[in-house]
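**Student:** For our numbering, add 145 to where a residue sits in the sequence shown, where the first one is 1.
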Amino acid sequence: MEPQRERAAPLALVVDDDRLIRMVVREALEQSGLEVCEADSGAQALELFATARPDIVVLDVIMPGLDGFATCAKLRGSVGGGRVPILIMTGLDDAESIAHAYEQGATDFITKPLNPMILSYRVRYMLRGSHTLDALIKSEARLGLAQRIAKIGNWEWRPDTNQFTASAELCRLMGIRSQDFAGTFDAFIQLVHAEDRDRVNEALKRILSERVPCDIDHRLVLPNGADFTVNLQAEAVFDHQLKALSVVGTAQDISERKQSEQEIHRLAYLPHHVGDALSGPGSL
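1. Can you look up Ala286 in the DSSP assignment and give me helix, strand or coil?
2. Note down, in chain order, each residue of its chain lying with its Cβ closer than 6 angstroms to the Cβ of Glu147, except the 5 sequence neighbours on either side.
3. In terms of alpha-carbon separation, which member of Ala173, Gly178, Tyr266 and Arg293 lies closest to Leu315?
4. With a 10 Å radius around its C-beta and 16 neighbouring C-beta atoms as the bar for buried, classify Asp331 as buried or exposed.
5. Please confirm whether His363 and Val337 have their CB atoms less than 8 angstroms apart.
6. May I ask you to report which of helix, strand or coil DSSP gives Ala381?
7. Have a look at Leu353 and Asn307 and give me their C-alpha separation to the nearest angstrom.
8. Out of curiosity, what's the CA-to-CA distance linking Glu175 and Gly226?
9. Any idea if Met168 is buried or exposed, counting beta-carbon neighbours within 10 angstroms, 16 or more meaning buried?
10. For Ala313, collect the residues of the same chain with a Cβ closer than 6 angstroms to its Cβ; drop the 5 residues on either side in sequence, then sort them by chain order.
11. Does the beta-carbon of Arg351 have 16 or more other beta-carbons within 10 angstroms, so that it is buried, or is it exposed?
12. Would you call the CB atoms of Cys359 and Ala379 closer than 8 angstroms?
13. For Ala240, does the three-state DSSP call read helix, strand or coil?
14. For the region 219 to 275, which segments carrying the alpha helix (DSSP H) assignment without a break, of at least 4 residues, lie completely within its bounds, in sequence order?
15. Beta-carbon separation of Ala184 and Ala190 under 8 angstroms?
Below, the structure written as C-alpha cells:
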C-alpha cells in the first residue's frame, strides 16, 4: 500500500444512494473545511476507500445491494479500515438497529432528517478523536522503539490484587512471550535469581511501608537458565488517604555495563598483582 499523501484538509467519504442526501452532507462538510468524495453504493464505497483513503466515512444504512451495516463491516476488515471513524446515518432510531451498527464497527450514528450543523460538529469531533488516537499510537510506537534501544521495560504492580503488568519489552528482556506471563507479583519474583529474590522482595515491599523509591540492581533468570543483571527502579502511587494504589517501575538490562565495570576492576588490580609477583620470594 502506498503511503497516504498529506492533505490540506481532511477527506470525508459520503456514502448514500440518495443523491439529495449526498448533496446536503457534502455542503455541510465542505463549509466546515473538509474535502468530500461520494459513493452511491456500498460496493463503490469499498472501491473509493481503497484508493482515496478518506479520514472519515459518513455512511447511510438503507441502500440497495450492500447495505450500510455490511459495508461498515467490510470497511473495518479492509486494509487501513481498522481505525477510521465511521458515522452511520440512519432513519432507524430503534435500539436494535443502533446496537447492530455498533456491532458492525460504527464509531457513532446520527439520525435523519439531518441537521447540517449537528452533522458538521459531529464529524469534526470524531476527526479530533481519531487524530488523538493516531498520535497516541505513534507515541507508544516511538516509546517502544526507545525502550528496545535502551533495553528497558516498564511494569506496574497492584498490591491489592497482586496483579503485575509487564510491558512487551520487559517480557522480551525476560525471554518470555507476553501471553505466557502469569501476570502476578509472585510470577515476577520467581523470575528473579534465587540469590537476589529476598532482597528484591523486601525492597519492593519497603516502598509501601516506608513510602520511599526503590533503586536496586539484581539478576533475572532466562528460561534457558542463563541470568543477566537489571537495574530496577520503582515508586508507589498513593491516593489522598495515603493508601497505595500501585507500584510503577522500570527494569533496564545493564549486563554490558556490569561486565565493563568488572573488567575495569580487574585491570585496575592487575598492576598490583604483577608487582607482588615481581617483588615476591625468588625475584631478582
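Don't be surprised by glycine CBs; every beta carbon is placed ideally from N, CA and C.
**Tutor:** Based on what the coordinates show:
1. Helix.
2. The predicted model places Glu147 with a pLDDT of 43, which falls under 50 and marks its position as unreliable; any figure quoted below should be read in that light. So the list is empty, once near-sequence residues are dropped.
3. The shortest C-alpha separation from Leu315 is found at Arg293.
4. Classification of Asp331: exposed, given that the 10 Å Cβ count is below 16.
5. The criterion of a C-beta distance shorter than 8 angstroms is satisfied by His363 and Val337.
6. Looking at Ala381 - three-state DSSP - the assignment turns out to be strand.
7. C-alpha separation (whole angstroms): 13 angstroms.
8. In this structure, the straight-line span from the alpha carbon of Glu175 to that of Gly226 is close to 23 angstroms.
9. The residue in question, Met168, is exposed, as its Cβ has fewer than 16 Cβ neighbours within 10 Å.
10. Once the five neighbours on either side are set aside, the close Cβ partners of Ala313 are Ser323.
11. Classification for Arg351: exposed.
12. In this structure, Ala379 lies closer than 8 angstroms to Cys359 by Cβ.
13. It is helical.
14. Qualifying alpha helix (DSSP H) stretches, in chain order: 240 to 248.
15. Result yes, Cβ atoms of Ala184 and Ala190 sit closer than 8 angstroms.
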